[in-house]
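Worksheet for the structure shown next.
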Amino acid sequence: MSRRHATALALIAMISLAGCLSSTGANPEPVVRSQEPVELKGTSPQPPKFGHHQSDSEIETPTPLENKTPREDVNVTLSEKLLIYKINNYRAESNSGRLVSDPRLGRIARHHSYDMATRDFFNHTNPDGETFTDRVQASSYACGGGGENLRGVFWNRSHTQTEEELAEVILRGFIRSPEHNTGMLLPSHDTIGVGIYIAEDGRTYATVDFCDGNPGEDP
Numbered sequence: 001m002s003r004r005h006a007t008a009l010a011l012i013a014m015i016s017l018a019g020c021l022s023s024t025g026a027n028p029e030p031v032v033r034s035q036e037p038v039e040l041k042g043t044s045p046q047p048p049k050f051g052h053h054q055s056d057s058e059i060e061t062p063t064p065l066e067n068k069t070p071r072e073d074v075n076v077t078l079s080e081k082l083l084i085y086k087i088n089n090y091r092a093e094s095n096s097g098r099l100v101s102d103p104r105l106g107r108i109a110r111h112h113s114y115d116m117a118t119r120d121f122f123n124h125t126n127p128d129g130e131t132f133t134d135r136v137q138a139s140s141y142a143c144g145g146g147g148e149n150l151r152g153v154f155w156n157r158s159h160t161q162t163e164e165e166l167a168e169v170i171l172r173g174f175i176r177s178p179e180h181n182t183g184m185l186l187p188s189h190d191t192i193g194v195g196i197y198i199a200e201d202g203r204t205y206a207t208v209d210f211c212d213g214n215p216g217e218d219p
């Protein structure tokens, strides 16, 4: 198998699910469940460039949301930045390399979080059948391989009363799940986009998208 093809097969989407969010019950925070990783389908094994090098005119991202939350007691943008910072620090501990944060990939991720919050589902595939791969390809974002991690928690509970605590709880949830953790530490990933949406009742949806725009050459 050529190095190019071997690398392409290694770039997998870590499709791991958490339980649906509900504001009722004794244990409102969902338990992360997982399923087998799924390869990012239909992507070119040798894209022309890294996604974060593309100009805005080359990418068709969704229209920015007017608000990342209807609530007034949380700065969602701060939590997103803190989560990116924490993920990069965690990757550094494993010598996995620093990820470049691209707000445009973050916008793709955030719209999925918003979609889950407003249509009341928790899955990498939305009710219309659109997958993570579909969302990336629809935007024309250069992503030769990648993955998506999802996390559902509640804002303003015992361990999520500050933006920093929220970012930490999301990260720890990924670390505790072997599939999420593996995807988060893949050295092949180069770019990250984080999108968080918090509903009025505190339901918090975090989507973290990873992309690799350089799958390698044949020897």
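Reminder that position 10 of the sequence shown reads as 10 in the UniProt record's numbering, one-by-one numbering, no gaps.
Heads up, the beta-carbon is just placed ideally off N, CA and C, and yes, glycines get one too.
Alpha carbon of residue i to alpha carbon of residue j, nearest angstrom
i    : j    : result
S23  : H189 : At S23, the pLDDT of 37 sits below 50, so the modelled position is not reliable; the number obtained from the coordinates is stated separately. Cα-Cα distance, rounded: 34 Å.
R71  : G202 : 8 Å
E200 : T118 : 10 Å
Y90  : T182 : 12 Å
E179 : K81  : 23 Å
Y85  : D102 : 13 Å
S158 : E165 : 10 Å
K68  : C143 : 25 Å
V153 : E163 : 13 Å
I192 : T63  : 19 Å
L186 : G146 : 9 Å
S140 : R107 : 13 Å
E36  : F122 : Any reading at E36 must be qualified, since the residue scores a pLDDT of 33, below 50, and its modelled position is unreliable; the value itself is stated next. When rounded, the distance between both Cα atoms is 17 Å.
A167 : E58  : 31 Å
S177 : V169 : 13 Å
L65  : V194 : 14 Å
M184 : L83  : 12 Å
I196 : Q54  : 23 Å
A138 : D56  : 14 Å
Supposed contact pair residue j and residue i - C-beta distance, whole angstroms, cut 8 Å
i    : j    : result
T204 : W155 : 5 Å
L171 : I87  : 7 Å
R104 : T61  : 5 Å
V100 : I198 : In fact, because the Cβ distance is near 25 Å, the residues do not count as touching under 8 Å.
Residue interval of the alpha helix (DSSP H) (run including residue i)
i    : result
G106 : P103 to R119
E179 : P178 to L185
T133 : F132 to A138
Simplified DSSP state of residue i, which is helix, strand or coil
i    : result
I87  : helix
A167 : helix
R151 : strand
D209 : strand
T191 : strand
V74  : coil
G145 : strand
R203 : strand
S34  : Confidence is the limiting factor: at S34 the pLDDT is only 32, short of 50, which leaves the residue's position unreliable, though a coordinate-based value still follows. Three-state DSSP puts S34 in coil, outside helix and strand.
Extent of the continuous beta strand (DSSP E) run through residue i
i   : result
T63 : Note, T63: premise wrong, no beta strand (DSSP E); not H, not E.
Any non-hydrogen atom of the ligand HEM closer than 7 Å to residue i Cβ
i    : result
M116 : With respect to the ligand HEM, the structure offers nothing, as it holds no ligand at all.
C-beta neighbour in chain D for residue i, strict 8 Å
i    : result
H111 : As a matter of chain content, chain D is missing from the structure shown, which is built from one protein chain.
Practice item. Report yes or no: do the stretch 84-98 and the stretch 127-137 share at least 3 C-beta pairs separated by less than 8 Å? Key: no
Review point. If we count Cβ pairs, one from each stretch, closer than 8 Å, do we get three or more for the stretch 102-120 versus the stretch 205-212?
Key: Output reads yes: the stretch 205-212 touches the stretch 102-120.
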